[in-house]
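Following: one structure in structure tokens, then a few remarks.
2 protein chains.
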Amino acid sequence: MDRLFQALADATRRDIVSRVLVAEYSVSGLAEQYAMSFAAVQKHVAVLERASLVTKEKRGREQIVRGRVDAVQRARRLLDEYEHIWRQRIDRIGDLLAEDASDQD
Amino acid sequence: MDRLFQALADATRRDIVSRVLVAEYSVSGLAEQYAMSFAAVQKHVAVLERASLVTKEKRGREQIVRGRVDAVQRARRLLDEYEHIWRQRIDRIGDLLAEDASDQD
DNA sequence: GTAACGTACAACCATATGGTTGTAGTTCAG
DNA sequence: CTGAACTACAACCATATGGTTGTACGTTAC
Numbered sequence: 000m001d002r003l004f005q006a007l008a009d010a011t012r013r014d015i016v017s018r019v020l021v022a023e024y025s026v027s028g029l030a031e032q033y034a035m036s037f038a039a040v041q042k043h044v045a046v047l048e049r050a051s052l053v054t055k056e057k058r059g060r061e062q063i064v065r066g067r068v069d070a071v072q073r074a075r076r077l078l079d080e081y082e083h084i085w086r087q088r089i090d091r092i093g094d095l096l097a098e099d100a101s102d103q104d
Numbered sequence: 000m001d002r003l004f005q006a007l008a009d010a011t012r013r014d015i016v017s018r019v020l021v022a023e024y025s026v027s028g029l030a031e032q033y034a035m036s037f038a039a040v041q042k043h044v045a046v047l048e049r050a051s052l053v054t055k056e057k058r059g060r061e062q063i064v065r066g067r068v069d070a071v072q073r074a075r076r077l078l079d080e081y082e083h084i085w086r087q088r089i090d091r092i093g094d095l096l097a098e099d100a101s102d103q104d
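The listed protein sequences correspond, in order, to chains A and B. Going letter by letter, the first sequence gives residues 0 to 104 in numbering that gives the first Met the number 0. Going letter by letter, the second sequence gives residues 0 to 104 in numbering that gives the first Met the number 0.
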């Protein structure tokens, strides 16, 4: 999870993710999109790969990068959990208020 | 967004978030929960605050920390978007296959 | 075969991060 | 008033991060 959120904590990497979820890109194809060196983009892709957010597959002399929606879903599920436990607290507070109301009967 | 995901990229901070979404904690109350110095926890809370994941409210000599579900939702919505654009690609591929099928008619 | 392309990786730099200890200011209790 | 509790913040350290340039290697095209 650390690596997953860490990988998402950079605008360039988030942009790469959104691109490779739509279509395939070679590493150099991605590098063309950004105003930084090829090596820098290569590092970003490596971070995304370690976080399981993308896969790389060799095709000829190119390395094809694809997005992995399952990793996105893993992160989303954790945030869903947070919303859930928050909602439970709200519900609990609602219950307490209901109890107070019945006390006053 | 950078700060949001950066804040979530640490297990201690995620644990703090899950706690303060359930109940209120003072900073020292949180610090008791972890095997690190008070100052370290204080820094984590500061990171979460800059990311809008928690709020601090002074109450007497204590500082009460509360979780902000809206920030969690902002992060979740971005991940939802990613899933959405991925699904669109899948749909597009489905459409292409359907076209191929009709070509063969 | 050779030149160009795509990639990998190391070395380097500046800055950020996660932790520590120490000092100091407020607030509460006795 | 004095001491203890809660917090803030600075200084410091080790390591990680995001960027660069340079070098080396496999692959493709001519």
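For each residue, glycine too, the CB sits at the ideal point set by N, CA and C.
Suppose you measure from the CA of Glu61 of chain A to the CA of Tyr24 of chain B; what does that come to, to the nearest Å?
Glu61 of chain A and Tyr24 of chain B: Cα-Cα distance of roughly 52 Å.
List, in chain order, every chain B residue whose beta-carbon is nearer than 9 Å to that of Ile92 of chain A.
In chain order: nothing, as chain B lies at least about 11 Å away.
Taking the C-alpha atoms as reference points, what is the distance between Leu7 of chain B and Val19 of chain A?
In a straight line, the C-alpha of Leu7 of chain B is about 23 Å away from that of Val19 of chain A.
Where does Glu82 of chain B fall in DSSP's three states?
Helix at Glu82 of chain B.
Could you give the first and the last residue of the continuous alpha helix (DSSP H) run that contains Glu23 of chain B?
Element bounds for Glu23 of chain B: n/a, residue is neither H nor E.
Any idea if His43 of chain A is buried or exposed, counting beta-carbon neighbours within 10 angstroms, 16 or more meaning buried?
That one is buried.
For Glu82 of chain B and Val64 of chain A, which I take to be in contact (beta-carbon distance under 8 Å), what is that distance rounded to the nearest angstrom?
So it is not a contact: roughly 18 Å between Cβ atoms.
In the structure shown, what three-state DSSP assignment does Arg75 of chain B receive?
The answer is helix: DSSP assigns Arg75 of chain B an H, G or I state.
Short check: CB of Leu47 of chain B to CB of Arg75 of chain A, under 7 Å?
Against a cut-off of 7 Å, the Cβ pair of Arg75 of chain A and Leu47 of chain B comes out as no contact.
On the DSSP letters alone, give me the boundaries of the alpha helix (DSSP H) that Gln41 of chain A sits inside.
Looking at the DSSP string, the run of the alpha helix (DSSP H) that includes Gln41 of chain A is Phe37 to Arg49.
Leaving aside the five residues before and after Glu56 of chain A along the sequence, list all residues of the same chain whose C-beta is less than 6 Å from its C-beta, in chain order.
Excluding sequence neighbours, Glu56 of chain A sits near Ile63.
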